[in-house]
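Asker: Dropping the structure in here first, questions after.
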Amino acid sequence: MKILNPTQIQKVDLFTIENEPIASIDLMERAAKSCTKRILELYPDRDTPICIGVGPGNNGGDGLAIARLLYQEGYLIQVFVLALGGQQSQDFSTNYERLESLRMLDLIAVQEVENIPHLGAGTVFIDAFFGSGLNRPLNGLAAHVVEHINQMPVQRISIDIPSGLFADRHTTGPTIQADRTLSLQLPKLAFFMAENSSSVGLWEIIPIGLSNEAIENAPTQNFTIEESTIRSRFRKRHTYDHKGTFGHILLISGSYGKMGAALLAGEAVLRTGAGLLTIHIPECGYQIVQTHLPEAMVHVDPHRSVTTAPPCHGDYECIAMGPGIGTNDLTAQGLLQFLKNVKSPLVLDADALNLIAAHNWQNQIPAATVLTPHPKEFERLFGKADDGFARLELLREQAKKLHCYILLKGAHTAIALPDGTIYFNCTGNPGMATAGSGDVLTGILASLIGQGYPPADACLMGVYLHGLAGDLAASKWSQEAMIARDIIYQLGAAFNSFE
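With the numbering used here applied, the sequence shown covers 1 to 499.
Here it is as structure tokens:
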């Protein structure tokens, strides 16, 4: 799914109006009906008190139409209209007149914060003050009202975007702290920034029938990963396939005290479908791996405790390096020689990234390598960014500069391709913030690349599968109780969902 900026969304609106054709007021009504349908699903009890706050623009017009539709469904509705003294949009005025004709409905002009009474627990507040077209921080009355609403013990539902939040750049002013955001047709880039999570809450897409043609023709480098995207890339197995068909993976992982990383990444390689797996480990891990992962072959390093001589040659379809290798100086020397000589497709994670950052070896990373940093590792590799938007552009810039695939892990892992395109993942949950989860992802990615998936497809599929398996694990064991192995155990169910 595309992520468009406010100017592009406005153009899609206009194209829809001109080419469907449909009057703008009727398109607003269609959007309001779609939002109302979802609100009815969320709050089916007609005794639920609902308050709606509206501003003077089209977002406010949406709110007025929603108020009318909910009133007609039998809800007790109060509407707070911000009296900002400016010009109102034409569609706002039309919907205001329609609402005014319902004389039983409570319309309150808000000229100061005190005009809004205290709203108790159990009240639903629908935020339609300002939409995605907002281009300056809230101040004055609008800012005070937003802060006042945030202090009340109500359920806050924002229409399209929380009021005060910029859709495509860093926000400095106050914003509605929504429990849920109903985004019209497409997501906003702001939804994927960690600093905006308390503003956005849970978000979902509300289709409103905007032109598919206009959306398809709108240029963007920002997308979300959809299930359909993964299904279209998934390859079914054939009767006469054999283990050689599905690739031989080399995993360079583990050190004294961190051999669990090798086991987790190794089992993930196999559970994701690789035909063969060799794990390169220091001598101390030989018995551990042979005992706990009998399906894997083992290649032993000359050193007892750490990796010093990672193999860079061999008939491997993919090599993954990093989980649990530590940051010993001998390991660093071995890594540098490895980077200079390796020819196989490569996945680098964890301590491999930390060593590269510590020695400024970024330019030694081979083109088309997959890097999987978490935010701190990313910062060590590429420097600090002031906010999520700046970090996103730094991610894009580095992927293009290094001609690599960079997966910035997080709640919505961002996958940057070498051409600067970025995909955001929407599977996964906070239960996956547990030791070893990243090692599992490394194994999944290496396995998919080794099976012949192009790196871009492997990255999209791998992150999506990892998150989906995490969601299935959370459903079975809970977010609190799940551990990294549980993600591996649910990979089968994740794959079965594509059948």
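Glycine included, every Cβ here is placed at the ideal spot set by N, Cα and C.
For Asp91, is the classification buried or exposed, using 16 other Cβ atoms within 10 angstroms of its Cβ as the cut-off for buried?
Answerer: Residue 91 sits at position 91 when you count from the first residue of the sequence shown. By the neighbour-count rule (16 or more Cβ atoms within 10 Å), Asp91 is buried.
Asker: Tell me which same chain residues have a C-beta within less than 8 Å of the C-beta of Ser478, skipping the five on either side of it?
Answerer: The residue given as residue 478 occupies position 478 in the sequence shown. Only Gly431 meet the Cβ criterion.
Asker: List in chain order: all unbroken alpha helix (DSSP H) runs of 4+ residues lying wholly within the region 162-244.
Answerer: 197-200, 212-217, 227-233
Asker: Let me know if Gly492 comes out buried or exposed under the rule of 16 or more other beta-carbons within 10 Å of its beta-carbon.
Answerer: Locating residue 492 in the sequence shown gives position 492, counting from the first residue. With fewer than 16 Cβ atoms within 10 Å of its Cβ, Gly492 is classed as exposed.
Asker: What are the start and end residues of the beta strand (DSSP E) that includes Gln155?
Answerer: For the purposes of this step, residue 155 is identified with residue 155 of the sequence shown, where counting begins at 1. First-last of the beta strand (DSSP E) with Gln155: 155-159.
Asker: For Gly438, which residues in the same chain have their Cβ closer than 7 Å to its Cβ, ignoring the five residues on either side in sequence?
Answerer: Indexing the sequence shown from 1 puts residue 438 at position 438. Excluding positions up to five away in sequence, the list reads Asp349, Ala350, Thr372, His374, Lys409.
Asker: Could you tell me whether the region 237-249 touches the region 408-426, using the rule of 3 or more Cβ pairs below 8 Å?
Answerer: no
Asker: For the structure I just gave you, are there three or more beta carbon pairs, one from the region 81-97 and one from the region 53-65, closer than 8 Å?
Answerer: yes
Asker: Expressed to the nearest angstrom, what Euclidean distance is found between the alpha-carbon atoms of His313 and Ile279?
Answerer: The residue labelled residue 313 in the question sits at position 313 within the sequence shown. The residue labelled residue 279 in the question sits at position 279 within the sequence shown. Straight-line Cα distance between these residues: approximately 14 Å.
Asker: Can you find the residues in the same chain that come closer than 7 Å, C-beta to C-beta, to Pro302, ignoring five residues on each side of it along the sequence?
Answerer: Position 302 of the sequence shown, counted from the start, is the residue given in the question as residue 302. Correct list, in chain order: Thr308, Ala309.
Asker: Quick one: is Ala435 buried, meaning 16 or more other Cβ sit within 10 Å of its Cβ, or exposed?
Answerer: Translated into the one-based positions of the sequence shown, residue 435 becomes position 435. Exposed, because fewer than 16 other Cβ atoms sit within 10 Å of the Cβ of Ala435.
Asker: For Val300, which of Pro311, Pro294, Pro117 has the nearest alpha-carbon?
Answerer: Residue numbering aside, residue 300 sits at position 300 when the sequence shown is read from its first letter. Comparing Cα-Cα distances from Val300 to each of Pro311, Pro294, Pro117, the minimum goes to Pro311.
Asker: Taking the alpha carbon of Asn115 as the reference point, which residue from Ser101, Asp127, His148 has its own alpha carbon closest?
Answerer: On the sequence shown, position 115 is the one that residue 115 refers to. The residue with the shortest Cα to Cα distance from Asn115 is His148.
Asker: With a 10 Å radius around its C-beta and 16 neighbouring C-beta atoms as the bar for buried, classify Gly443 as buried or exposed.
Answerer: Walking along the sequence shown from the start, residue 443 turns up at place 443. Buried: at least 16 other Cβ atoms inside 10 Å.
Asker: If you draw a straight line from the C-alpha of Pro137 to the C-alpha of Ala143, how long is it?
Answerer: On the sequence shown, residue 137 is found 137 positions in, with the first residue counted as 1. On the sequence shown, residue 143 is found 143 positions in, with the first residue counted as 1. Answer to the nearest angstrom: the Cα atoms are 8 Å apart.
Asker: Spatial neighbours of Ile205 within its chain, please: C-beta separation below 6 Å, excluding the five flanking residues on both sides.
Answerer: On the sequence shown, residue 205 is found 205 positions in, with the first residue counted as 1. If we look at Ile205 and ignore the five residues flanking it on each side, its Cβ neighbours are Ser183.
Asker: To the nearest angstrom, how far is it from the Cα of Thr331 to the Cα of Ala358?
Answerer: Counted from its first residue, the sequence shown places residue 331 at position 331. Counted from its first residue, the sequence shown places residue 358 at position 358. Going from the Cα of Thr331 to the Cα of Ala358 covers about 13 Å.
Asker: Using 8 Å as the threshold, is the region 221-236 in touch with the region 278-295, meaning 3 or more CB pairs across them?
Answerer: no
Asker: Cα-Cα, which of Ala458, Val12, Asp486, Cys459 is closest to Ala469?
Answerer: Here the question's residue 469 lines up with position 469 in the sequence shown. The shortest Cα separation from Ala469 among Ala458, Val12, Asp486, Cys459 belongs to Asp486.
Asker: Rank Glu295, Ala83, Gly452, Phe80 by C-alpha distance to the C-alpha of Arg237 and give the top, closest one.
Answerer: Position 237 of the sequence shown holds residue 237. It is Gly452.
Asker: Provide the residue(s) that pair with Lys2 in DSSP beta bridges, ordered along the chain.
Answerer: In the sequence shown, residue 2 corresponds to position 2, counting from 1. Paired residues: Phe223.
Asker: Buried or exposed for Pro153, going by 16 or more other Cβ atoms inside 10 Å?
Answerer: Here the question's residue 153 lines up with position 153 in the sequence shown. It is exposed - the Cβ of Pro153 has fewer than 16 other Cβ atoms within 10 Å.
Asker: Put Asp127 into one of helix, strand or coil per three-state DSSP.
Answerer: The residue given as residue 127 occupies position 127 in the sequence shown. Asp127 falls in the strand class under three-state DSSP.
Asker: Since Met321 sits in a beta bridge, which residues does DSSP pair it with?
Answerer: In the sequence shown, the residue the question calls residue 321 occupies position 321. Partner(s): Ile252, Leu348.
Asker: Examine chain D for any beta-carbon lying closer than 8 Å to the beta-carbon of Glu226, and answer yes or no.
Answerer: Protein chains in the displayed structure number just one, and chain D is not present.
Asker: Could you check the C-alpha separation between Gly467 and Ala458 for me, to the nearest Å?
Answerer: By one-based count along the sequence shown, residue 467 stands at place 467. By one-based count along the sequence shown, residue 458 stands at place 458. Whole-angstrom Cα-Cα distance: 14 Å.
Asker: For the beta strand (DSSP E) that Ile279 lies in, which residues bound it at each end?
Answerer: Against the sequence shown, residue 279 aligns to sequence position 279. Per DSSP, Ile279 belongs to the beta strand (DSSP E) from 276-281.
Asker: Residues in the same chain with beta-carbon distance under 6 Å from Val54, minus the five sequence neighbours each way, listed in chain order, please.
Answerer: Translated into positions along the sequence shown, residue 54 becomes position 54. Once the five neighbours on either side are set aside, the close Cβ partners of Val54 are Gly60, Gly63, Leu64, Val81, Ala128.
Asker: Taking Gln111 as the reference, which of Ala274, Arg103, Gly85 has the closest Cα?
Answerer: The sequence position of residue 111 within the sequence shown is 111, counting from 1. Looking at the Cα atoms, Gly85 is the closest of the given residues.
Asker: Is the separation between the beta-carbon of Ile126 and that of Ile50 shorter than 8 Å?
Answerer: In the sequence shown, residue 126 corresponds to position 126, counting from 1. In the sequence shown, residue 50 corresponds to position 50, counting from 1. Going by C-beta atoms, Ile126 is nearer than 8 Å to Ile50.
Asker: For the region 3-14 against the region 31-49, do three or more pairs of beta-carbon atoms, one drawn from each stretch, fall closer than 8 Å, so that the two count as touching?
Answerer: Judged by Cβ distances under 8 Å, the region 3-14 makes no contact with the region 31-49, as fewer than three pairs qualify.
Asker: Take Pro21 as the anchor and find which of Lys384, Gly209, Met482 has the nearest alpha-carbon.
Answerer: Translated into the one-based positions of the sequence shown, residue 21 becomes position 21. For Pro21, the nearest C-alpha among the options comes from Gly209.
Asker: Per DSSP, what kind of secondary structure is Leu82 in: helix, strand or coil?
Answerer: Position 82 of the sequence shown, counted from the start, is the residue given in the question as residue 82. Three-state DSSP puts Leu82 in a strand.
Asker: Where Glu397 and Ala416 are concerned, what is the direct C-alpha to C-alpha distance, given to the nearest angstrom?
Answerer: By 1-based counting over the sequence shown, the position of residue 397 is 397. By 1-based counting over the sequence shown, the position of residue 416 is 416. Those two C-alpha atoms are separated by around 9 Å.
Asker: Spatial neighbours of Arg30 within its chain, please: C-beta separation below 7 Å, excluding the five flanking residues on both sides.
Answerer: One-based indexing of the sequence shown puts residue 30 at position 30. Within the same chain, Ile208, Gly209 come within 7 Å of Arg30 by CB-CB distance, once the 5 residues on both sides are set aside.
Asker: To which residues of the same chain is Tyr256 closer than 6 Å at the C-beta, ignoring the five residues directly before and after it?
Answerer: Numbered from 1 along the sequence shown, position 256 holds the residue referred to as residue 256. If we look at Tyr256 and ignore the five residues flanking it on each side, its Cβ neighbours are Cys284, Ser305.
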